[in-house]
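Numbering of the sequence shown is given in our numbering, commencing with residue 1 and proceeding in unit increments.
What follows is a single structure, written as structure tokens, with notes after it.
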Amino acid sequence: MSALDPSSYTATQEALARCRRYRKEHGLYGVVDSALGRIMLEVGAVSAVTMPADLGHRVRDRLSAQQRCGPVIGHPRSGRWTFLTGPSDDSYLDMALFSDLFRDCASVALPGSNIVLPSPTDEHSAYRIWIHPPDGDFRPDLAEVLAAVRECHPQHRTAGPSANDVSASEPV
């Protein structure tokens with residue numbers, strides 16, 4: 001698309017309208033990158049935790065059982081989900097947390113980095129979609145989402161012994 005392409009202009013106008021709605025209705029103060037038609041939100045007042053979709057399903061269920069879930073962005077092509085949370089904090093400096101998240105292929109967005117919110121162009125191409133759209137300006141605390149991620153780690157799920165488990169009394 002060139003700068004004079006009418007579809008590029010339309011995509012930018014749609015993104016601007018969506019961005020205004022995000023600001024007014026949800027307190028998500030993003031800006032539009034007109035070259036890409038994407039809505040960018042700087043991490044600070046809003047933070048994010050990204051993880052594989054299968055873990056995201058469990059985290060969403062856990063949060064929904066405890067309270068409202070908050071906004072969740074799906075990335076269908078990469079099979080990942082991003083949970084929007086309240087303000088960022090220094091939790092990304094916690095090495096034990098970093099290790100837990102790394103093991104689960106999850107991460108916390110660093111302050112000053114950007115989150116890309118679903119734009120009309122993203123949704124039409126199924127590149128970025130709302131799994132759980134924003135509900136007003138509610139977002140769970142970052143600590144609540146991180147606790148849910150840790151609770152939903154596969155080792156915390158109850159399961160019987162697997163066929164690969166060998167007890168000490170069995171011959172090897």
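By construction, the Cβ of each residue, glycine as well, lies at the ideal position given by its N, Cα and C atoms.
Near residue i, which residues of its chain fall below 7 angstroms by C-beta distance, leaving aside the five closest residues on each side in sequence?
{"i": "R60", "result": "C69, V72, H132"}
Please list, in chain order, all residues of the same chain as residue i whose beta carbon is under 6 angstroms from its beta carbon, the five residues on each side excluded.
{"i": "T50", "result": "R80, T82, S107"}
{"i": "T12", "result": "S34, G37"}
{"i": "E25", "result": "none"}
{"i": "D135", "result": "none"}
Answer yes or no: do residue i and residue j have a C-beta to C-beta separation smaller than 8 angstroms?
{"i": "R150", "j": "V46", "result": "no"}
{"i": "S125", "j": "A15", "result": "no"}
{"i": "L28", "j": "L41", "result": "yes"}
{"i": "V32", "j": "P111", "result": "no"}
{"i": "R20", "j": "V116", "result": "no"}
{"i": "T89", "j": "L55", "result": "Before going further, note that residue 89 is Asp rather than Thr in the sequence given. It is not a contact, given that the beta carbons lie outside the stated cut-off."}
{"i": "T85", "j": "A53", "result": "no"}
{"i": "H153", "j": "D104", "result": "yes"}
{"i": "L146", "j": "S64", "result": "no"}
Give me whichever residues DSSP pairs with residue i in a beta bridge.
{"i": "F83", "result": "V49, V72"}
{"i": "H132", "result": "V72"}
Reducing DSSP to helix, strand and coil, say where residue i ends up.
{"i": "S107", "result": "strand"}
{"i": "V32", "result": "strand"}
{"i": "R38", "result": "strand"}
So, at 8 angstroms on beta carbons, what are the nonlocal neighbours of residue i in its own chain, with the 5 sequence-adjacent residues on each side left out?
{"i": "R77", "result": "A126, Y127"}
Which full runs of the alpha helix (DSSP H) of 4+ residues lie inside the region 46 to 80, going along the chain? 53 to 66
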